[in-house]
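Enquirer: Have a look at this one before I ask anything.
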Amino acid sequence: MNLELFLLLASALFCVGLFGALTQQSIVMLMMGLELMLGGVILAAASAWRYIAPAAAEGQVLVVVAITAMALEMATGFAVVTALFRSREIDMTDMAAELKE
Amino acid sequence: MTDPAPLWAVLALPAVLAGAAWAVASFDAVLGAGARAAWPGREALRLLVQQPRRTRAADVPLTRLGSTLLPVAAVLAAVVLPLGFRSVSDLPEGIVWFNAMEALAWAAVWLTGWGPNSTLSLIGGYRFLAQGLAYELPHMLAITTAALGAESLRVGDVVDAQAGLWFAVWMPAAFGIYLLSALAMSFWGPFDQPAGRDVAGGAAAELSGVDRIVFLSGRWLLFVVAAAFSVPLFLGGGHGPLLPGWAWTLLKTAVVLAFLVWARRRIPTVRMERYVELAWVVLTPLAVAQALVVAVVVLNR
Amino acid sequence: MNDVAFGLLAALAVVSGVMVFRFDSMARATFSLLTSLLCVGGEMLLLGLDYLGIVTVLMMTIEMAIMAVFMVMFMMNPAGLMPMTMTHNKKGAAVICGIAFVLLAAGVLLAPWPARQGKPPADPTMDLGMSLMGPQMLTMMVLGMALFATIVATVVLATRRGRYDRFGDDLRAPQASDPVRGGVGR
Amino acid sequence: MELKSRLLRAATARPGVLLAVRPGATRERLFVEAELVRRGWPCAAGPASANLLVCVGEATTAEDDWAERLWLGIPAPKARVTASAVERAVEALDRGRADLLSGAHQHHVGRHEQTDGDLHRGHHEHQESPDPAPESGRHTHDDHNSHGSEHTNGSSAGAHQHGAHEGHASHEGHNGHAAHGMHGDHDMGVVAGLPMAARADDRDGLRLDRLHVPLGPVLADWPAGLVLRLELQGDVVQQAAVERIAAPITARPPFWNEPWLRASAGERVARGDAARRLCAAHLDSLGRFLAVAGWDDAAAEARHVRDRALAGVAATELTSSVVPLIRRIRRSRTLRWLTAGLGVLPSEHAHHLGVTGPALVADGDVHGRVLVWLDQIERSAGDCDAPGTLGAADVTGPRGRTDGANLPSQALLDVLPGLLEGAEFACARLIVASLDPDLDEFTWAAPPVRGPADD
Chain H
127 MNLELFLLLA SALFCVGLFG ALTQQSIVML MMGLELMLGG VILAAASAWR
177 YIAPAAAEGQ VLVVVAITAM ALEMATGFAV VTALFRSREI DMTDMAAELK
227 E
Chain L
-11 MTDPAPLWAV LALPAVLAGA AWAVASFDAV LGAGARAAWP GREALRLLVQ
39 QPRRTRAADV PLTRLGSTLL PVAAVLAAVV LPLGFRSVSD LPEGIVWFNA
89 MEALAWAAVW LTGWGPNSTL SLIGGYRFLA QGLAYELPHM LAITTAALGA
139 ESLRVGDVVD AQAGLWFAVW MPAAFGIYLL SALAMSFWGP FDQPAGRDVA
189 GGAAAELSGV DRIVFLSGRW LLFVVAAAFS VPLFLGGGHG PLLPGWAWTL
239 LKTAVVLAFL VWARRRIPTV RMERYVELAW VVLTPLAVAQ ALVVAVVVLN
289 R
Chain E
120 MNDVAFGLLA ALAVVSGVMV FRFDSMARAT FSLLTSLLCV GGEMLLLGLD
170 YLGIVTVLMM TIEMAIMAVF MVMFMMNPAG LMPMTMTHNK KGAAVICGIA
220 FVLLAAGVLL APWPARQGKP PADPTMDLGM SLMGPQMLTM MVLGMALFAT
270 IVATVVLATR RGRYDRFGDD LRAPQASDPV RGGVGR
Chain Y
28 MELKSRLLRA ATARPGVLLA VRPGATRERL FVEAELVRRG WPCAAGPASA
78 NLLVCVGEAT TAEDDWAERL WLGIPAPKAR VTASAVERAV EALDRGRADL
128 LSGAHQHHVG RHEQTDGDLH RGHHEHQESP DPAPESGRHT HDDHNSHGSE
178 HTNGSSAGAH QHGAHEGHAS HEGHNGHAAH GMHGDHDMGV VAGLPMAARA
228 DDRDGLRLDR LHVPLGPVLA DWPAGLVLRL ELQGDVVQQA AVERIAAPIT
278 ARPPFWNEPW LRASAGERVA RGDAARRLCA AHLDSLGRFL AVAGWDDAAA
328 EARHVRDRAL AGVAATELTS SVVPLIRRIR RSRTLRWLTA GLGVLPSEHA
378 HHLGVTGPAL VADGDVHGRV LVWLDQIERS AGDCDAPGTL GAADVTGPRG
428 RTDGANLPSQ ALLDVLPGLL EGAEFACARL IVASLDPDLD EFTWAAPPVR
478 GPADD
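These protein sequence lines map, in sequence, to chains H, L, E and Y. According to my numbering, the first sequence is numbered sequentially starting from 127. According to my numbering, the second sequence is numbered sequentially starting from -11. According to my numbering, the third sequence is numbered sequentially starting from 120. According to my numbering, the fourth sequence is numbered sequentially starting from 28.
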């Protein structure tokens, strides 16, 4: 185990998540991609804490921030989907994009 | 301080828990009119010879995963449960660990409800999530209060902090809320709606044979573990005069379980659309107030 | 021992992460994501961040269970009985992600990482708590505010009914008129 | 082999019993229920946990489709008996136990891969493939998700006295939740033999998938023979339609209304007997209601007292066992908290729909109706040994006036759809239990007075 391995794992998760977020049409699925990306971010922050500056708590604080961001992203995402769905019966990104027109 | 447990304790833990769960189930059966203590065993045997059954377009792996996850979560949660002053592993964040393992039940019950592709069992799954959302907030605050009182997340430290005065005495609200959520998390007793008879067994509606035994015994295990965890958190763990620590733990656990089993027979099933409002509007502020009181006491100690 | 655990968790995390977008069934996708995130929690335990690892496990379990319900509510065909693809721009995305991964990996492998400074504290949880309640208080408060603002915003977004719907135009109705009566009567 | 048979013997010592009660068989049901309690055999809530299917009451000429599906849903080892009369019930249960042991019904147990419906989920193994009833072919075959609650659909033509539902897609009954549909209302595709759900507006202004789920006729603590066709969104009932399963018309008056019907036909009926029957009828309803409310202890007690009342214990003795039970229920704050405000039925509305029984008197919610039962139980328990005979003008049975243009339970059934709309599933069950329509009334053809009340 070393920093590089953890970071590689983190970037793999991030890229898988990115792929999902880019390709999925459904908003809920898109959020799952975002979650996966944030999972990679959490892991990267944690390994940076461990292998670069374990004495400083900032690394851990960064993880806390990322976890909170995940929760916020989820909650906001669901609220937006509900609101969109209520007004237009839309749960796909393409359809939401058409709203502009 | 808590001593480390020997390695065989890892193997003994599930057996002890299963024995306790069986004893509680038998006790519960005895309380029923005209029932006998041997019934839970007979029931298990009956289900054991039953052949598995499939529903149409069922997601069998998910169902299996869900129903096995339940007992596994219960046993994992029990890892931090001290008998006397010893637990299998006294993790430094034992209380959070317990909470996280108990949350696995959310996934387990929902999966079991979803898997068979049957409306009634899915309703059971939905109900458990609603129940989870209702009980989890006050529950987390209640166990945080106990941790706050001991100034540690380690279960052993929480027990040690109660050498003099039990937390149940000066945190009665947190203790009461904990007992409620212990029932709710094991969807047992007045909170048995997710597996209620009105939905033909809810999440367990389509389970038969061994799957059913695993799921239902998981529920009993979770109930026993959740109730037993109230002893180190609020009832002083192994502390007590005369008797050794393990005996006190067992005695207190038995009392808590007997109380819950008895109380169940006096109350109809609580529906979540009513309870959730109570939980959020009354119990959560109450738990926050309790935590505040404890925090002030701790700061002035 | 730790290396083996790392390898297993890493493989499981990536595989189940990929499977999220390959399963037809929403329930399977959700719980595959949960598996992936639980593995992330496990890796954090390996890194010595017990508290944060367990909290990740706790939060992700609850979050995914709720997500599953939203899935069933809003997705068409959540069980995947009728396989269909709901993706767009697959090729482009694959290229972008491939490039991103190559760049990241190159960065990871080529960057001159600084040597470790200091030793991990005996109790990282205590360290984190002291930091959040001390020098990082501002971060903590911002997070708290953000959470609170999100609660308010999501409720406003998601609900249709306000207090005038519930208690009448003059807010004098003795009992709220809700589709389902609650347990306190508010 | 020896060990295996011994294991089987021990395992089936207390078989899980699934009661399938046909309308018109209340007397038999009461007897079988009491017998099961005496033997300590558990009543299964659904087919998955049952071993023994006990059909109570006369079978209709063609074996009912729903009973067949129920049977298919029970995992082996299983047995099936019919208790068509009180005298034969004990023997039927014994035979069921013996069949379980000998495996008499297992000869058609085999394994078999299903071909349709396997999209990607792999194999659905059917345990009972060769059809016991080949003529019902398709159905018996694909009905493995047979849930007691999901089985009466349009295929058995005789099952529909309403007629309006003949057009339903025959597989609607198996609409599992997983079969969610496309956008749009018209799109009722069928996948894996399961119809897809369509979307419709819900109570909270969202347009979500709506499932068509028939509830009944076999469900624990459910009025025998009642089928509710629900449109569910999640667990919220958006629409409900009432149906009844087919039942042979008999000359035997419905059990709970018997004294009043006989009195109005000119027979001499003791007032005490009528009071006893009323008391038992309400205790039966109460037991069912409490069981649905999840208060098993009180439900068991109510049923015990009901059996005592029917066994003919003296009024004083009955009162002494009724009073503590009633006090306990009346004083239960939890029950009040849980059931107040559910299924409110104002008396004008009830009157308009022709309700004449306790539901009219209660003029309110589920809890109010239960309180009315409690009052009537208390009063009638005291009257159990009252002298005198029932006058011909005394026509108010447990569910309302037995002489009206409408059957008392017909009015209750008419009330149901309105009350159920927008209720959550658990509330819907409570509302049904608090009205407790008695479908026996529809099976009776009183020669001089009126014909079978089909609508």
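For glycine and all other residues, C-beta sits at the position ideal for the given N, C-alpha and C. In this text, all values refer to a predicted model and were calculated from it rather than measured experimentally.
#1: Does DSSP classify Y/Trp471 as helix, strand or coil?
#2: At a CB-CB cut-off below 7 angstroms, which residues of chain E make contact with Y/Leu235?
#3: Would you list the one or two residues that DSSP bridges to Y/Pro241?
#4: Is it buried or exposed, L/Phe116, if we count other Cβ atoms within 10 angstroms and call 16 or more buried?
#5: What does Y/Glu451 touch in chain E if you count any residue whose Cβ is under 9 angstroms from its own?
#6: If you draw a straight line from the alpha carbon of Y/Ala453 to that of L/Gly189, how long is it in whole angstroms?
#7: Can at least three beta-carbon pairs, one atom from the segment 91 to 99 of chain L and one from the segment 236 to 249 of chain Y, be found at a separation below 8 angstroms?
#8: Please classify H/Tyr177: is it buried, with 16 or more other beta-carbons within 10 angstroms of its beta-carbon, or exposed?
#9: Please classify Y/Asn284 as buried or exposed, where buried requires at least 16 other C-beta atoms within 10 Å of its C-beta.
#10: What in chain L is Cβ-close to E/Met163, meaning under 7 angstroms?
#11: Name, in chain order, the residues that DSSP records as bridge partners for Y/Leu423.
#12: Closer than 8 angstroms, Cβ to any Cβ of chain E: which residues of the segment 76 to 91 of chain L, in chain order?
#13: Where DSSP assigns a beta bridge to Y/Thr109, which residues make up the other side?
#14: Shortest alpha-carbon distance to Y/Pro50 belongs to which of Y/Ala460, Y/Cys82, Y/His376?
#15: Count the CB pairs spanning the segment 51 to 59 of chain L and the segment 130 to 137 of chain E that are closer than 8 angstroms, and state whether there are at least three.
#16: Short check: CB of Y/Ala367 to CB of Y/Val393, under 9 angstroms?
#17: Thinking C-beta only, is Y/Gly84 closer than 9 angstroms to Y/Val44?
#18: Could you tell me whether any non-hydrogen atom of the ligand ZN is closer than 8 angstroms to the CB of L/Ser109?
#19: Check each candidate in H/Leu169, H/Ala174, H/Gly143, H/Met158 and name the one with the smallest Cα separation from E/Arg235.
#20: List the residues of chain E whose Cβ lies closer than 7 angstroms to the Cβ of H/Met163, in chain order.
#21: At a CB-CB cut-off below 9 angstroms, which residues of chain E make contact with Y/Trp364?
#22: What is the DSSP secondary structure of Y/Ile411, reduced to helix, strand or coil?
#23: Taking Cβ-Cβ distances shorter than 7 angstroms, what residues in chain E pair up with Y/Gly370?
#24: Is the CB of Y/Gly261 under 9 angstroms away from at least one CB in chain E?
#25: When DSSP labels each residue in this structure, what does Y/Asp262 get in the three-state scheme?
#26: Can you give the Cα-Cα distance for Y/Ala301 and E/Pro298, rounded to whole angstroms?
#27: Comparing the C-beta of L/Ala13 with each C-beta of chain Y, is any distance below 9 angstroms?
#28: Is any beta-carbon of chain L found at less than 9 angstroms from that of E/Ala187?
#29: Out of Y/Pro74, Y/Cys306, Y/Val64, Y/Ala40, which has the shortest C-alpha to C-alpha gap to Y/Thr346?
#30: Please check if any C-beta of chain H sits within less than 9 angstroms of the C-beta of E/Leu127.
#31: On the premise that L/Thr241 lies in contact with L/Ala290, defined as a C-beta separation below 8 angstroms, what is that separation, rounded to the nearest angstrom?
#32: Do three or more CB pairs link the segment 130 to 148 of chain L to the segment 176 to 184 of chain L at distances below 8 angstroms?
#33: Just the Cα atoms here: how many angstroms apart are Y/Asp324 and L/Arg254?
#34: What residues from chain E crowd round L/Val270, counting only those whose CB sits closer than 9 angstroms?
#35: Please go through the same chain and pick out, in chain order, the residues whose beta-carbon is closer than 7 angstroms to the beta-carbon of Y/Ala72, but skip the five residues on each side of it.
#36: Relative to the C-alpha of Y/Ala308, which residue among Y/Lys105, Y/Leu462, Y/Glu62, Y/Pro42 is closest?
Expert: This is what the structure holds:
#1: Here residue 471 of chain Y is taken as the residue at index 444 of the fourth sequence, counted from 1. Strand at Y/Trp471.
#2: Within the fourth sequence, numbered from 1, the residue matching residue 235 of chain Y stands at position 208. Residues of chain E passing the Cβ test: Met192.
#3: Counted from its first residue, the fourth sequence places residue 241 of chain Y at position 214. Y/Pro241 is bridged to Y/Arg256.
#4: Numbered from 1 along the second sequence, position 128 holds the residue referred to as residue 116 of chain L. Buried, by the Cβ-count rule.
#5: As a working mapping, residue 451 of chain Y is identified with position 424 in the fourth sequence. What Y/Glu451 touches in chain E: Val299.
#6: Position 426 of the fourth sequence, counted from the start, is the residue given in the question as residue 453 of chain Y. Position 201 of the second sequence, counted from the start, is the residue given in the question as residue 189 of chain L. Rounded to the nearest angstrom, the two C-alpha atoms are 13 angstroms apart.
#7: no
#8: Position 51 of the first sequence, counted from the start, is the residue given in the question as residue 177 of chain H. It counts as buried.
#9: In the fourth sequence, the residue the question calls residue 284 of chain Y occupies position 257. When all chains shown are included, Y/Asn284 counts as buried.
#10: Start at 1 with the first residue of the third sequence, and residue 163 of chain E comes out as number 44. In chain order: nothing, as chain L lies at least about 12 angstroms away.
#11: Locating residue 423 of chain Y in the fourth sequence gives position 396, counting from the first residue. According to the sequence provided, residue 423 of chain Y is Thr. The question's Leu does not apply to it. Partner(s): Y/Arg428.
#12: Leu79, Pro80, Glu81, Val84, Trp85, Asn87, Ala88, Ala91
#13: Position 82 of the fourth sequence, counting from 1, holds the residue named residue 109 of chain Y. Beta-bridge pairing links Y/Thr109 to Y/Cys82.
#14: Within the fourth sequence, residue 50 of chain Y is the residue found at index 23, counting from 1. Taking only the C-alpha atoms, the option nearest Y/Pro50 is Y/Cys82.
#15: no
#16: Counting from 1 along the fourth sequence, the entry for residue 367 of chain Y is found at position 340. Counting from 1 along the fourth sequence, the entry for residue 393 of chain Y is found at position 366. Closer than 9 angstroms, so yes.
#17: Translated into the one-based positions of the fourth sequence, residue 44 of chain Y becomes position 17. Translated into the one-based positions of the fourth sequence, residue 84 of chain Y becomes position 57. Result no, Cβ atoms of Y/Val44 and Y/Gly84 do not sit closer than 9 angstroms.
#18: No copy of the ligand ZN occurs in the structure displayed, which carries no ligand at all.
#19: Reading the third sequence from its first residue, position 116 is the one you call residue 235 of chain E. Checking every option, the nearest Cα to that of E/Arg235 belongs to H/Ala174.
#20: Taking the first sequence and counting its residues from 1, one reaches residue 163 of chain H at position 37. The contacting residues do not exist; H/Met163 stays about 10 angstroms from chain E at best.
#21: Start at 1 with the first residue of the fourth sequence, and residue 364 of chain Y comes out as number 337. In chain order: Gly302.
#22: Residue 411 of chain Y sits at position 384 when you count from the first residue of the fourth sequence. The sequence shown places Cys at residue 411 of chain Y, rather than the Ile named in the question. Coil.
#23: Numbered from 1 along the fourth sequence, position 343 holds the residue referred to as residue 370 of chain Y. Neighbours of Y/Gly370 on chain E: none; closest Cβ ~11 angstroms, over 7 angstroms.
#24: For the purposes of this step, residue 261 of chain Y is taken as residue 234 along the fourth sequence, with counting starting at 1. True, the Cβ-Cβ gap to chain E drops below 9 angstroms.
#25: Sequence index remark: in the fourth sequence, residue 262 of chain Y carries index 235 (1-based). It is coil, neither helix nor strand.
#26: Indexing the fourth sequence from 1 puts residue 301 of chain Y at position 274. Indexing the third sequence from 1 puts residue 298 of chain E at position 179. For Y/Ala301 and E/Pro298, the distance between alpha carbons rounds to 41 angstroms.
#27: Counting from one through the second sequence, the residue named residue 13 of chain L turns up at place 25. No - not a single Cβ of chain Y is within 9 angstroms of the one on L/Ala13.
#28: As a working note, residue 187 of chain E is residue 68 in the third sequence. Yes, because at least one Cβ of chain L sits closer than 9 angstroms to the Cβ of E/Ala187.
#29: Counted from its first residue, the fourth sequence places residue 346 of chain Y at position 319. When each option's Cα is compared against that of Y/Thr346, the closest is Y/Cys306.
#30: Mapped onto the third sequence, residue 127 of chain E falls at position 8. False, the Cβ-Cβ gap to chain H never drops below 9 angstroms.
#31: Coverage of chain L is limited to positions -11 through 289, which leaves residue 290 of chain L absent and any answer about it impossible.
#32: no
#33: For the purposes of this step, residue 324 of chain Y is identified with residue 297 of the fourth sequence, where counting begins at 1. For the purposes of this step, residue 254 of chain L is identified with residue 266 of the second sequence, where counting begins at 1. Near 7 angstroms, if we compare the C-alpha coordinates of L/Arg254 and Y/Asp324.
#34: Locating residue 270 of chain L in the second sequence gives position 282, counting from the first residue. The answer, in chain order, is Gly302, Val303.
#35: To locate residue 72 of chain Y, count along the fourth sequence from 1; it is residue 45. So the list reads Ala247, once near-sequence residues are dropped.
#36: Here the question's residue 308 of chain Y lines up with position 281 in the fourth sequence. Of the listed residues, the one whose Cα sits closest to Y/Ala308 is Y/Leu462.
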